[in-house]
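My numbering numbers the first residue of the sequence shown as 18 and each following residue consecutively. Below is one structure, written out as structure tokens, with a few remarks after it.
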Amino acid sequence: MDDFTGVGAVVTGGASGIGLGLATALLEDGARGVAVLDVEAAALDAAVAQLRSGFPDATVVGLTCDVADATAVEAAAAEAWDALGGAEVVCLNAGVFAGGAAWETTEADWDWVLGVNLRGVVNGVRAFVPRLIEAGAPGHVVITASIAGVVAAPASAVYCTSKFAAVGLAESLHHDLQLAGASHVAASVVCPGMVATNIDHGDRNRPASLGTATDTATSRLATEAIAETLGGPDALSPLEGARHALAQVKAGRFYATTHAGDLWERLVANENDDRLAGRPPRFQMYE
């Protein structure tokens, strides 16, 4: 899809960060409306108010939804379809972070992060893709993964695992759409680098039933490093990152990034060199 003018769009995790950036950028590009899904009610209300103020001629609807809950996602999909009169672009963006060494993270950590970052995407694919296929019009599914879904980092095992899986799901979705003869629906995966979001505070939305996140020297190291980078003066804003990613989607890229320059090429080239040579992966900064 090379033009977002007049489309209806759905964005999960759309109340803040890259999700709000995507919703804003889509409306800037002429989308007729956007349904913003998020688990955080207060942030959702604020985001909807902001978008309605900035784009008074567009339809903006906010839907409280836990993407880890398949029933809730299906209900939100039906409501979004009704509110927008259908949709052509679906951004499966919701994500959370938990740090810690692979052997330190608890079962609850894995349940939470995989529930949102992987199961949330699975639920979105199952709820929205059949609707896009049935509509028969050009459609696009944009899955937000991470550069950490291509190049792993230390102290982030559960997060990297979830994002590697999201990349694999996006690739499989592309193949499945081709196999089904649904070439009018395309898929892309966005692999953001360091963007100034509040993902390092994602545990504010962690279900109470899962208890608190792992708190070790390693988990604190990861969270503090992310917070320092995201809070730095050179951090990319979510809107800038979203604009860049959507421009790449419109240009036909399957793998989209948030950053200009050669960061993606360098990281992936190094990763592939190590794999082809059978070497252990080198540690690479995402910048």
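C-beta atoms are modelled at their ideal positions from N, C-alpha and C, and glycine is treated no differently. Since the structure is predicted, the reported quantities are computational estimates derived from the model, not experimental observations.
- With a contact defined as Cβ atoms closer than 8 Å, Val53 and Gly31 qualify at about 4 Å.
- Judged by beta-carbon spacing, Leu227 lies beyond the 8 Å limit of Val158, meaning their Cβ atoms are not closer than that value.
- Around the beta carbon of Asp83, 16 or more other beta carbons lie within 10 angstroms, which makes this residue buried.
- Annotated three-state conformation of His157 is strand, per DSSP.
- Residue state for Val27 is assigned as strand, using DSSP reduced to three classes.
- Contact holds between the region 154-169 and the region 274-292, because three or more Cβ pairs, one in each stretch, are under 8 Å apart.
- Under DSSP, Cys108 forms a beta bridge with Val28 and Val159.
- Excluding sequence positions up to five before and after Pro155, its CB lies within less than 6 Å of the CB of Met18 and His201, all in the same chain and listed in chain order.
- With respect to Trp127, Val184 sits apart: the two C-beta atoms are not nearer than 8 Å.
- Counting the other Cβ atoms within 10 Å of the Cβ of Leu196 gives fewer than 16, which makes it exposed.
- Note: Tyr176 is not bridge-paired with any residue in the DSSP secondary-structure output.
- DSSP places Val78 in the strand class (E or B) of the three-state scheme.
- Relative to Ala277, the option among Val212, Arg296, Gly102 and Gln301 whose CA is nearest is Val212.
- It is roughly 40 Å from the alpha-carbon of Asp217 to the alpha-carbon of Gly198.
- It is roughly 14 Å from the alpha-carbon of His191 to the alpha-carbon of Phe145.
- Ala93 and Val130 have their C-alpha atoms roughly 21 Å apart.
- Per DSSP, Leu227 is not a residue of any beta strand (DSSP E), being assigned neither H nor E.
- The alpha carbon of Arg148 has as its nearest neighbour, out of Phe271, Thr22 and Ala26, the alpha carbon of Ala26.
- With distances taken between CA atoms, Pro298 lies nearest to Ala170 out of Thr41, Asp232, Ala42 and Ala170.
- For Ala97, the enclosing alpha helix (DSSP H) has its first and last residue at Ala87 to Leu101.
- For Ala125, the enclosing alpha helix (DSSP H) starts and ends at Glu124 to Leu131.
- DSSP places Val51 within a strand segment (E or B) once states are collapsed to three.
- In this structure, Ser173 sits near Ala239, with a CB-CB distance shorter than 8 Å.
- In the three-state scheme derived from DSSP, where H, G and I count as helix and E and B as strand, Gly166 is classed as helix.
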